[in-house]
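Per full-length UniProt numbering, the sequence shown starts with residue 1, numbered consecutively. Notes follow the structure.
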Amino acid sequence: MTEQAATPVPPHSGPEPMTGAQSLIRSLEAVGAETVFGIPGGAILPAYDPLMDSVKVRHILVRHEQGAGHAATGYAQATGRVGVCMATSGPGATNLVTPLADAYMDSVPVVAITGQVSSKAIGTDAFQEADICGITMPITKHNFLVTDAAEIPRVIAEAFHIASTGRPGPVLVDISKDALQARTIFRWPVEQQLPGYRPVTKPHAKQIREAARMLASSKRPVLYVGGGVLKAQATAELRILAELTGAPVVTTLMALGAFPDSHDQHLGMPGMHGSVAAVTALQKADLLFALGTRFDDRVTGRLDTFAPFAKIVHADIDPAEIGKNRTADVPIVGDAREIIADLIVAVQQEQAAAKEGEPRFDYDAWWEQLNAWRKTYPVGYDPAPEGMLSPQQVIERIGQKVGSDAIYAAGVGQHQMWASQFINFEKPATWLNSGGAGTMGYAVPAAMGAKAGCPDTEVWAIDGDGCFQMTNQELVTCALNGLPIKVAIINNGSLGMVRQWQTLFYNERYSNTVLHAGPEHDGKGPAAGTRLPDFVKLSEAMGCHALRCERPEDLDAVIEKAMELNDAPVVIDFIVHQDAMVWPMVAAGTSNDEILAARDVRPDFGDEND
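Rendered as structure tokens:
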């Protein structure tokens, strides 16, 4: 991850007397923070007074601290800069736990600033006291408790540095109320005190040469690309490497946009709901070239059956990831951009040194097999019942009409998987989702954060009716702050992914997955008048334009109408049929070899494995 570009911004600032709260705001200005998402409360209140006077830092008043955290994450993912959120002590701070865990799992640079009770009251169970440093220790890259006002500038500088360098991640800064109120001397720049923090960015040359040799001699390689390539801003280098070698590329859920979906060498997304070609390529490969990815369970399936014939080159900025799930034959620690740049040179040297007639980088037979799988098992969907909308069709059409320059944020569930499958991602930083934590309610606040960071870019939230009901109050924030995002609710009246599992594994016993009816409901779908809530009325009450689409013949016109409305947020309630499922699918706990292209349809790859 590239460090916050504006660190530090101002010229040397001589000693100035001020409060700790004023020092905090000056420090945020100095590190280049432009937007803070938050809610004031007792312990953090001293910081909100000088914040009102800042001309460099914009504060966006959210409706829930969870919204602040996800907005900071969306801002960071869309812009590449550190996202900032702020909350008071106790419940304000604990409401940040979910977005911090989310950012930690997905390696997103976020700095959370929380107020804390006065230092003398810490540990006494004072009003609105919570040990937020202890609570968030497992889900932050680092955290600080500040009780001395003089430490605030240094700690803020260190927090932004830690969040944005090495493997990015969230950092929490908890500041006691008396530290915010105390008088202090502000100095900038500050000397950071991080003697043990030295991320390795430059890869070892010997490993690079060995990796290039393995790539040259392999017959069935796959470039297995993870979100670390996006974090390192290494997408241009990735394309050069791919085209130089001719190897196939798969991009994980967190890496969509790192390599163009339309590129001939792209096989799609691997994993539980990945393309048959991508999943099977990993299973049959003789070399996995893993770049900025962590071999998580949603990609590997049952780990002991994953890619059984493959040697592993694993390149990552975080040495703790290498060998954690799969032993690496060639481990490479470093920044993905530097690693790929060095690999390009090493591959060129291998190509130049190849003797005439020597089968180096010869993947013709491999591509013949890959193209056969790709042609035989394309990602698709069944048409909806007559007169009804297919959720896949809705999402696909949004992608086609809106285009690849827009930013898309997704909630979690079926709509997330369909968005990953049926929207073409051609550019980096255009796909925002909760990958590792799988956080429902992510889409709306993340889209809000992305729009705040990229005001001239069209931003769409692809959400489910379940996810939408968790954080839709942030539409009020969007309406009041001039953030006209578009929200497409894929409304099937149920918790769709859970319902899919109930269909497949629980004999169609739909226990507590129907969202718009009481417990006596039969699961067959209510009449229009019984939909609760009415998303159109709800969205209009929050200051949004609201549309509803129920018929396939209206689909294009409704999307076009939404695209024309740019003076306020737009919410479209797409009523889709509830029995659509996400295919392909690898059931949890099973081998990727057991992938189903559709229900009861297992691809036949023959008996040859090597």
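Glycine included, C-beta positions come from ideal geometry on N, C-alpha and C. Note that the structure is predicted; figures quoted are calculated from it, not measured.
Residue burial is scored here from C-beta neighbours: Y48 has at least 16 other C-beta atoms within 10 angstroms and is therefore classed as buried. Remark: three or more beta-carbon pairs, one from each stretch, lie closer than 8 Å, so the region 409-417 and the region 439-449 are flagged as touching. Partner residues in a beta bridge of S218, as assigned by DSSP, do not exist.
Between the alpha carbons of A419 and V190 lies a distance of about 45 Å.
Looking at the DSSP output, D174 bridges to T114 and L145. Three or more Cβ pairs closer than 8 Å define a contact, and the region 234-252 meets that threshold against the region 342-349.
Around the CB of H263, fewer than 16 other CB atoms lie within 10 Å, so the residue is classed as exposed.
Following the DSSP letters along the chain, one finds T327 in no beta strand (DSSP E), marked with neither H nor E. Look at the beta carbons and you see the region 85-94 not touching the region 462-478: under three pairs across the two are nearer than 8 Å. Contact check for A33 and V84: beta-carbon distance about 5 Å, within the 8 Å limit, so the pair qualifies. In terms of CA proximity to I485, P569 leads the group P569, C549 and N507.
Of the candidates I572, L565, C544 and K355, the residue whose Cα lies closest to the Cα of L555 is I572. Within the DSSP secondary-structure output, N481 pairs in no beta bridge. Looking at G323, A236 and T147, the one whose alpha-carbon comes closest to that of E338 is A236. When the beta-carbon positions are compared, A290 and Y224 come within less than 7 Å of each other. Taken atom to atom, the span from the alpha-carbon of R298 to that of K427 is near 23 Å. For N507, no alpha helix (DSSP H) encloses it, and the DSSP letter there is neither H nor E. Separation of I595 and A76 (C-alpha to C-alpha, rounded to the nearest whole angstrom) is 34 Å.
Here the alpha carbons of L100 and T136 stand approximately 8 Å from one another.
The three-state secondary structure of L61, taken from DSSP, is strand. In the DSSP assignment, F422 falls within the unbroken alpha helix (DSSP H) covering Q414 to F422. Contact between the region 245-264 and the region 208-223 is established, with three or more Cβ pairs separated by less than 8 Å.
DSSP, read as helix, strand or coil, puts V536 in helix.
Within its own chain, the residues whose Cβ lies closer than 7 Å to the Cβ of A216, once the five positions on either side in sequence are excluded, are E350, R360 and F361, listed in chain order. Contiguous beta strand (DSSP E) elements confined to the region 379-406 do not occur, taking only those with 3 or more residues. If the five residues before and after G399 are omitted, its C-beta is found closer than 7 Å to the C-beta atoms of F422, I423 and N424, all from its own chain and listed in chain order. Residue range D364 to T376 is occupied by the alpha helix (DSSP H) that includes A365. For M563, the uninterrupted alpha helix (DSSP H) segment begins and ends at L555 to E564. By the C-beta criterion, the region 61-79 is judged to be in contact with the region 453-461, since at least 3 inter-stretch pairs fall below 8 Å. Judged by DSSP in its simplified three-state form, Y197 adopts coil rather than helix or strand. Counting other Cβ atoms within 10 Å of its Cβ, D125 stays below 16 and is therefore classed as exposed. In the displayed model, A232 falls within coil according to three-state DSSP, outside both helix and strand.
For T430, the number of other beta carbons within 10 angstroms of its own is at least 16, and it is reported as buried. Residue pairing by DSSP leaves E34 without any beta bridge partner. Pairing S23 with S118 gives a Cβ-Cβ distance that is not under 7 Å. Residue burial is scored here from C-beta neighbours: P138 has fewer than 16 other C-beta atoms within 10 angstroms and is therefore classed as exposed.
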